[in-house]
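Asks:
In the working numbering, the protein residues as written are 4 to 525.
(1) Please list the terminal residues of the continuous beta strand (DSSP E) segment that includes residue 476.
(2) With a Cβ-Cβ cutoff of 8 Å, do residue 163 and residue 96 count as a contact?
(3) Cβ of residue 93 less than 8 Å from any chain D Cβ?
(4) From which residue to which residue does the beta strand (DSSP E) around residue 224 run?
(5) So residue 332 and residue 178 are supposed to be a Cβ contact under 8 Å. How far apart are they, rounded?
(6) Using CA atoms only, rank isn't needed, just tell me which of 459, 451, 450 is closest to residue 440.
(7) Determine the extent of the alpha helix (DSSP H) in which residue 359 is found, giving its start and end residues.
(8) Indicate the three-state DSSP secondary structure (helix, strand or coil) for residue 386 in the structure shown.
(9) Per the DSSP calculation, residue 406 is bridged to which residue(s)?
(10) Evaluate contact between the region 396-415 and the region 358-368, counting only Cβ atoms and requiring at least three cross-stretch pairs below 8 Å.
(11) Please classify residue 224 as buried or exposed, where buried requires at least 16 other C-beta atoms within 10 Å of its C-beta.
(12) Would you mind stating whether residue 234 and residue 383 have Cβ atoms separated by less than 8 Å?
(13) With DSSP run on the structure shown, which of helix, strand or coil describes residue 136?
(14) Which runs of the alpha helix (DSSP H) spanning at least 4 residues fall entirely within the region 149-225, listed in chain order?
(15) In chain order, which continuous runs of the beta strand (DSSP E) of length 3 or greater are located wholly inside the region 248-334?
(16) What do you reckon, are the CB atoms on residue 298 and residue 351 nearer than 8 Å?
(17) Tell me whether residue 373 sits in a helix, a strand or coil according to DSSP, three-state version.
(18) Classify residue 170 as buried or exposed, calling it buried when 16 or more other Cβ atoms lie within 10 Å of its own Cβ.
(19) Which of the three DSSP states, helix, strand or coil, is assigned to residue 448?
(20) Any idea which residues DSSP pairs residue 443 with across the strands?
(21) Where DSSP assigns a beta bridge to residue 413, which residues make up the other side?
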């Protein structure tokens with residue numbers, strides 16, 4: 004559905020709103036930091052250690068007692084956490100310039116794409132639009148690595164980082180992951196204050212947390228609230244995903260829900276506990292207006308650690324696949340499927356050559372535990388798997404016909420193997436990233452249009468196509484000079500598109516013999 008947008012399909016202070024019944028889900032966020040208790044090291048893409056601070060204090064009651072003077076979890080004084088976290092949270096400003104339409108076609112394009120480029124074109128001269136937006140980020144290492152949201156930096160031409168002491172740096176985007184809405188940027192600086200990574204698994208419902216960021220383009224702001232839910236899936240990252248494909252790259256949503264006040268511009272900022280340790284990256288709000296009205300959602304730091312490490316070490320996120328079609332159980336589904344338990348993840352299918360099948364899981368099994376932890380939501384299961392890589396072994400407990408059985412499942416990569424898939428081997432774009440519902444043309448349509456094949460834009464949503472002047476009903480016949488006869492053809496062309504390259508689409512509108520073309524950033 005159409006939403007106001009700053010870049011492509013995400014929000015910043017200038018807002019991308021997704022309606023869900025009464026509410027609008029708006030991407031936003033916040034980040035923060037804390038004292039150094041331990042070190043979290045890994046070898047980065049530049050073959051040197053990236054060092055992050057990681058908390059080694061596991062007992063949450065003890066932490067609260069140290070801060071409040073008792074073990075009851077009373078709010079106490081928030082000043083310690085606020086003072087600790089604020090210097091590690093930065094203001095991120097982005098600039099993006101794009102061309103939405105072209106008319107005059109250079110001969111080089113005609114030679115490459117064919118004579119149909121010679122026809123009259125739709126619209127006027129090229130228009131270049133420049134937009135600016137801002138969000139937040141968190142310093143995770145002393146040498147300038149910063150975590151933020153993907154939607155804060157996505158498609159940005161320039162990224163500027165402003166510290167709390169007013170120093171300003173140009174930043175380079177190191178890596179992004181739309182499926183978790185996380186990104187890493189780098190500034191050339193040293194001896195920076197770096198946040199301590201806490202333990203989001205140890206968070207308790209009702210525990211006090213602080214949100215730190217730069218909402219509404221204001222200066223650094225701190226708000227307080229409690230953890231009101233964990234493992235929350237809200238569907239904001241789940242657009243244009245085929246949920247019936249067990250190998251599909253499904254977004255991972257297992258948000259920490261909090262009532263700390265956050266607004267557009269908090270995106271990429273920090274959610275911290277009372278020790279000032281990072282427990283989440285705030286990414287979205289649920290609101291009827293697009294501004295704060297009670298609920299905020301943060302990516303748990305347990306997932307942030309893994310995604311960040313992968314982006315720095317491999318250039319892309321290494322995802323483990325279980326190879327199942329899951330259905331979240333409730334009493335109604337349990338009755339329909341005739342299973343002996345009312346909560347868990349029902350396996351509606353176990354794919355051939357997948358990790359689950361190799362381990363002995365079967366269709367009709369119900370996953371009730373993973374790594375000894377009770378599992379009763381799809382979001383929770385995907386978050387647990389999302390922390391692992393291909394080749395990692397996870398302990399899975401299933402209920403089969405009323406009896407519980409334990410299995411050790413070795414996760415596999417998207418190709419069915421156990422090896423790391425490097426960035427160059429990963430598809431840089433997909434049909435889903437275009438943000439539209441596409442369909443193959445039937446024989447009657449092809450005859451009426453007088454073409455051998457094509458793909459129709461049935462419905463536009465939030466995505467790359469919405470950034471152009473393409474309208475619903477447009478029929479794509481060529482992409483990057485290659486014939487497009489089906490959605491499958493278009494996907495193959497997109498999969499071969501290198502990072503930073505665009506997509507040139509040629510096609511027509513029903514009732515018109517003209518050929519139109521659109522440059523689409525991918």
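Backbone N, C-alpha and C define an ideal beta-carbon position, used for all residues, glycine too.
Treat the numbers as computed from the prediction; the structure is a model and nothing was measured.
Replies: So, from the listed chains and residues:
(1) Here residue 476 is taken as the residue at index 473 of the chain shown, counted from 1. Segment: none, residue 476 is in no beta strand (DSSP E) and carries neither H nor E.
(2) Reading the chain shown from its first residue, position 160 is the one you call residue 163. Reading the chain shown from its first residue, position 93 is the one you call residue 96. Yes, they are a contact pair.
(3) Of the protein chains in this structure there is only one, and it is not chain D.
(4) The count along the chain shown starts at 1 and reaches residue 224 at position 221. From DSSP, the beta strand (DSSP E) with residue 224 extends over 224-235.
(5) Here residue 332 refers to the residue found at position 329 of the chain shown. Here residue 178 refers to the residue found at position 175 of the chain shown. Not really, about 36 Å apart at Cβ, beyond 8 Å.
(6) By 1-based counting over the chain shown, the position of residue 440 is 437. Comparing Cα positions, the closest option is 459.
(7) Residue 359 sits at position 356 when you count from the first residue of the chain shown. Note, residue 359: alpha helix (DSSP H), 358-362.
(8) Within the chain shown, the letter at position 383 stands for residue 386. It is helical.
(9) Along the chain shown, read from residue 1 onward, the residue named residue 406 stands at position 403. Looking at the DSSP output, residue 406 shares a beta bridge with 403.
(10) Flag = yes, the region 396-415 and the region 358-368 touch.
(11) By one-based count along the chain shown, residue 224 stands at place 221. Under this definition residue 224 is a buried residue.
(12) Taking the chain shown and counting its residues from 1, one reaches residue 234 at position 231. Taking the chain shown and counting its residues from 1, one reaches residue 383 at position 380. If you check the CB distance, residue 234 and residue 383 come in under 8 Å.
(13) In the chain shown, residue 136 corresponds to position 133, counting from 1. Strand at residue 136.
(14) You should have 153-156.
(15) The region 248-334 contains these whole beta strand (DSSP E) runs: 258-261, 273-275, 281-290, 298-303, 327-331.
(16) Locating residue 298 in the chain shown gives position 295, counting from the first residue. Locating residue 351 in the chain shown gives position 348, counting from the first residue. At the C-beta level, residue 298 and residue 351 stay beyond 8 Å of one another.
(17) Taking the chain shown and counting its residues from 1, the one referred to as residue 373 is at position 370. In the structure shown, residue 373 adopts extended strand secondary structure according to DSSP, grouped into three states.
(18) Your numbering for residue 170 matches position 167 in the chain shown. Residue 170 counts as exposed, since fewer than 16 other beta carbons sit within 10 angstroms of its beta carbon.
(19) Position 445 of the chain shown, counted from the start, is the residue given in the question as residue 448. Three-state result, residue 448: helix.
(20) As a position in the chain shown, residue 443 is number 440, starting the count at 1. According to DSSP, which records beta bridges pairwise, residue 443 is partnered with 458.
(21) Working through the chain shown from its first residue, we reach residue 413 at position 410. Residue 413 is bridged to 396.
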